[in-house]
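Trainee: Read left to right, the sequence shown gives residues 987 to 1389 (the working numbering). Let me begin by handing over the structure; questions about it come next.
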Amino acid sequence: MLTLTQSTIHAAVESGPDATLFEDALQRACAQLGRCLHDLGSQFPGDTSAANHFQPSAWADVPRGANGSWSAGFWTGLLWMAHELSGQARFADAAHTQLPSYAERLDRHYVLDHHDLGFLYLPSCVAATRSGVDATATALRAADLLMKRFLPRAGVIQAWGQLDDPAQRGRIIIDCLLNLPLLHWASAARGDEAMRDAAISHALRSQAYLVRSDDSSFHTFHFDPASGAPRHGTTAQGASHDSCWARGQAWGVYGFALNHRWAPECGFLDTAERLARRFLVGLPEHGVACWDLSLAADPMQPWDSSASAIAACGLIEMAESLQAEGQSERAAFYRGESRRLLRGLLQHCAGWRADGNALLLHGVYSMPDGLGIDEASLWGDFFFLEALARHARGWRPFWHPGD
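Structure representation (C-alpha cells):
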C-alpha cells in the first residue's frame, strides 16, 4: 500500500519577499522562545499566558512548574524545534532534562485519562530521536495507553475520561486526529498493524460523523460504545452545538491532511480540502480567525490566533501532498493561502512586538469556560513556529515520525 514519505513529498522553501519576512520572523521567534526559557528555567508553563507572559504551571498534587497538562508536550516540542532551527544547545539541553517527567507521568498515570497522548509524547519523546536522544520506550508506553482507549465496536478512540465514565464513554473530538500519528509511529516501530488499523478506523469514523454536509465540523460526536451506533454531535468549546468552532475546524484541516499520509485511499485529503475551504471562507481579510467561525461577522468577537496557525500548517501539509500527486495548481493555491494566514499572524499577533515572553498573541483557549481569552497558548506558539519553519526552511514537522 502506498504511503507518503519524505522521499515522495518534497517541502518547498519560500522565495521572494515572503522568504525574507518568514526567515526574519523565525529568528525573532527563536529569540523570544529563549526569553521564555530564561523566565521559566526548568519549569513547565501553564496552558496559556497571563498578560502575554507564560508562568510556571500550577496543577493539583504536583509541585509548581511540573509536567501536568495535556499541552505540556508542546513546550518540550518548542524547545526541540528551536534547537533544530537555531542550533543552540540550550534548547536541546532544556528539552532533554524534561524527558524523565514524561515517564513519571506514565508511572503515576497523572492526568492521562484522555486521548492527548499524541500531543504529549510525540513532540517530546519521539521528537527527541532527531536530536540523538532515545526516549522511544517512554513513547511506546504512551502509544499503548492510547490504544487502550480504542473502543472496537464503535471503531473510535474515546476522547476524555475513564473508559467506564458514562458521561464520556463513546465520545470523540476532532482534536484527536493530530494524536493519531503516535499510533502510526508505534505501529511502524513494532510492526503492530493493530495500532495502524485503529488509527485509520478512528479517522474514518471522524470523517463520517464529525464533518457536516456544509463542510463545517462538530467539535465532538457521541457513539453508543456497546453497539457502535452513531448518536449525535455536540460542542464543548464552540458557541453552540451547531456552530463551527474555529480551532476544531483547523484541527480537522491539519488532521485529515496528515492522516492522508498513511491511508491515501481513504479520501482524507479531499476531506481536508473541504474543511479548508470552509475555514478560509470564514476568515476576515487579515487572516486571523474569530474563535468560532459562525460568529465571524461580529467584529467584537475575540480572535483565536491559534486556529489560524494550525490551519496554516494544515494548508502546507495539503499543498505538499497535492504537489506530490501532480496537482500543482491546487497545491500552489493552498500554499499561498497558508502564507496569507501567516502574514496576518505576523502583522497582528507576533509576541515579540509586545511586552511578554509568548510567540503568538490573541488566542482563546475556551470561551464557554472563560479560559485564556486574548492570551497566548502553548499550542498556538507551537504551530506558529512550525508554520514559520516549514515556509522558511522546508522543515519537517514532528507529526511525520519516521520519514
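Just so you know, even glycine gets a beta-carbon here, dropped at the ideal spot from N, CA and C.
Measuring alpha carbon to alpha carbon, tell me which of D1210, G1366, A1236, W1385 ends up nearest L1332.
Mentor: G1366
Trainee: Tell me whether A1249 sits in a helix, a strand or coil according to DSSP, three-state version.
Mentor: coil
Trainee: For C1335, which residues from the same chain have a beta carbon less than 7 Å from its beta carbon, with the 5 sequence-adjacent residues on both sides left out?
Mentor: V1274, S1291, L1346, L1347, H1348
Trainee: When you compare the CB positions of A1081 and W1066, do they come within less than 8 Å of one another, or not?
Mentor: The beta carbons of A1081 and W1066 sit closer together than 8 Å.
Trainee: According to DSSP, is A1121 helix, strand or coil?
Mentor: In the three-state reduction of the DSSP assignment, A1121 falls in the coil class, being assigned neither a helical nor a strand state.
Trainee: Please list the terminal residues of the continuous alpha helix (DSSP H) segment that includes R1321.
Mentor: 1314 to 1335
Trainee: How about I1302 and F1369: are their beta carbons less than 8 Å apart?
Mentor: no
Trainee: So is E1323 buried or exposed if we call it buried at 16+ other beta carbons inside 10 Å?
Mentor: buried
Trainee: Near W1237, which residues of its chain fall below 8 Å by C-beta distance, leaving aside the five closest residues on each side in sequence?
Mentor: I1160, D1161, L1163, L1164, I1296
Trainee: What separation, rounded to the nearest whole angstrom, lies between the Cα atoms of A1249 and S1280?
Mentor: Computed Cα separation, rounded: 31 Å.
Trainee: With distance defined between alpha-carbon atoms, name the residue in G1219, C1299, S1203 nearest to L1261.
Mentor: S1203
Trainee: Are F1105 and W1056 close, meaning C-beta to C-beta below 8 Å?
Mentor: yes
Trainee: Is the region 1068 to 1077 touching the region 1348 to 1359 in the sense that three or more CB pairs, one from each, lie closer than 8 Å?
Mentor: Output reads no: the region 1068 to 1077 does not touch the region 1348 to 1359.
Trainee: From S1226 to R1191, what distance separates their C-alpha atoms?
Mentor: 22 Å
Trainee: By a C-beta neighbour count over all protein chains shown, 10 Å radius and 16 as the cutoff for buried, is A1153 buried or exposed?
Mentor: exposed
Trainee: Using the Cα positions of G1337 and N1038, report the straight-line distance between them to the nearest angstrom.
Mentor: 8 Å
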